[in-house]
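Enquirer: Note that the protein sequences, when read in sequence, are chains A and B.
Under the working numbering, the residue at position 102 of the first sequence is numbered 102, and the numbers go up by one with no gaps.
Under the working numbering, the residue at position 22 of the second sequence is numbered 22, and the numbers go up by one with no gaps.
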Amino acid sequence: DTAVSQTPKYLVTQMGNDKSIKCEQNLGHDTMYWYKQDSKKFLKIMFSYNNKELIINETVPNRFSPKSPDKAHLNLHINSLELGDSAVYFCASSQDLSQGMRKAFFGQGTRLTVV
Amino acid sequence: DQQVKQNSPSLSVQEGRISILNCDYTNSMFDYFLWYKKYPAEGPTFLISISSIKDKNEDGRFTVFLNKSAKHLSLHIVPSQPGDSAVYFCAARGLSGNTPLVFGKGTRLSVIA
Chain A
1 DTAVSQTPKY LVTQMGNDKS IKCEQNLGHD TMYWYKQDSK KFLKIMFSYN NKELIINETV
61 PNRFSPKSPD KAHLNLHINS LELGDSAVYF CASSQDLSQG MRKAFFGQGT RLTVV
Chain B
1 DQQVKQNSPS LSVQEGRISI LNCDYTNSMF DYFLWYKKYP AEGPTFLISI SSIKDKNEDG
61 RFTVFLNKSA KHLSLHIVPS QPGDSAVYFC AARGLSGNTP LVFGKGTRLS VIA
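1) What do you reckon, are the CB atoms on I56/A and F47/A nearer than 9 Å?
2) Flag this pair as touching only if the segment 25-34 of chain B and the segment 76-94 of chain A have three or more C-beta atom pairs under 8 Å; answer yes or no.
3) Name, please, each residue of chain B whose Cβ falls closer than 7 Å to the Cβ of Q25/A.
4) Distance check for V4/B and F89/B, CA to CA, integer angstroms please.
5) Which chain A residues sit within Cβ distance under 7 Å of G106/B?
6) State the DSSP-derived secondary structure class of D116/B, mapped to helix, strand or coil.
7) Please name the residues in the segment 33-57 of chain B whose beta-carbon is closer than 9 Å to at least one beta-carbon of chain A, in chain order.
8) Name the one or two DSSP bridge partners that P66/A has.
9) Are any of the Cβ atoms in chain A nearer than 9 Å to that of P82/B?
10) Measuring alpha carbon to alpha carbon, tell me which residue in I18/B, K54/B, P82/B and R61/B is nearest V111/B.
11) Pull up the distance between the alpha-carbon of V12/A and that of S52/B, whole angstroms please.
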């Protein structure tokens, strides 16, 4: 059983398109995150949600909108895709905010390529 | 602005020997430090952590050392095994749980049999 699962694993799309990446965790965690790993290999936090509420939004463009329909899901919608959005996007979850990223579980990543 | 630096992009070690991965940080507000391990096509997995009140934490073959005055931490793997070959990320944050983790760029460790 996959603890944190992301779909799709690979996504190739044209500039200007709108796309979504889905994330689900079956660990019963309260907190979920989206991270972006860019071409320079830095892993940077984008968003964190705790119990469906936005906690952290790290100066991410408005084109990126996370949506958390319930505690187990945190989907990432990206509008008007740009070349610079090409990266690997990781979803993660942790038990709650008190644990922060102490024992965060990551999904396998979604490699987004914008052409 | 790199707050967490892993200056060695790669490291090769023979099986059975010690692997030492280094990490430096610049933000004195960081109070909690973690190491993550990442295999290709997989997400990072938590390996070991240390809080600023300690200078050493050990878990099996993995030991993390923290030198707060030097803003430096290191991960020791003894003995190294081929299955340890992966990218290791150092990460840091403040004590509060909703402070985001700041990651280094990672060090690729290759353990040669």
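Heads up, the beta-carbon is just placed ideally off N, CA and C, and yes, glycines get one too.
The structure presented is a predicted model; accordingly, all values stated were derived computationally and were not measured.
Expert: The relevant details are as follows:
1) Start at 1 with the first residue of the first sequence, and residue 56/A comes out as number 56. Start at 1 with the first residue of the first sequence, and residue 47/A comes out as number 47. Yes. Within cutoff.
2) Between the segment 25-34 of chain B and the segment 76-94 of chain A there are fewer than three inter-stretch CB-CB distances shorter than 8 Å, so the stretches are not counted as touching.
3) Reading the first sequence from its first residue, position 25 is the one you call residue 25/A. Simply none; closest approach about 12 Å.
4) Taking the first residue of the second sequence as position 1, residue 89/B is located at position 89. Taking the first residue of the second sequence as position 1, residue 4/B is located at position 4. Distance between the alpha carbons of F89/B and V4/B is about 10 Å.
5) Taking the first residue of the second sequence as position 1, residue 106/B is located at position 106. Neighbours of G106/B on chain A, chain order: K41.
6) Since the displayed chain B opens at 1 and closes at 113, residue 116/B lies outside it and no answer follows.
7) L34, Y36, K38, A41, E42, G43, P44, T45, F46 and S49
8) Counted from its first residue, the first sequence places residue 66/A at position 66. Partner(s): L76/A.
9) Within the second sequence, numbered from 1, the residue matching residue 82/B stands at position 82. No, because no Cβ of chain A sits closer than 9 Å to the Cβ of P82/B.
10) Mapped onto the second sequence, residue 111/B falls at position 111. Taking only the C-alpha atoms, the option nearest V111/B is P82/B.
11) The count along the first sequence starts at 1 and reaches residue 12/A at position 12. The count along the second sequence starts at 1 and reaches residue 52/B at position 52. C-alpha separation (whole angstroms): 42 Å.
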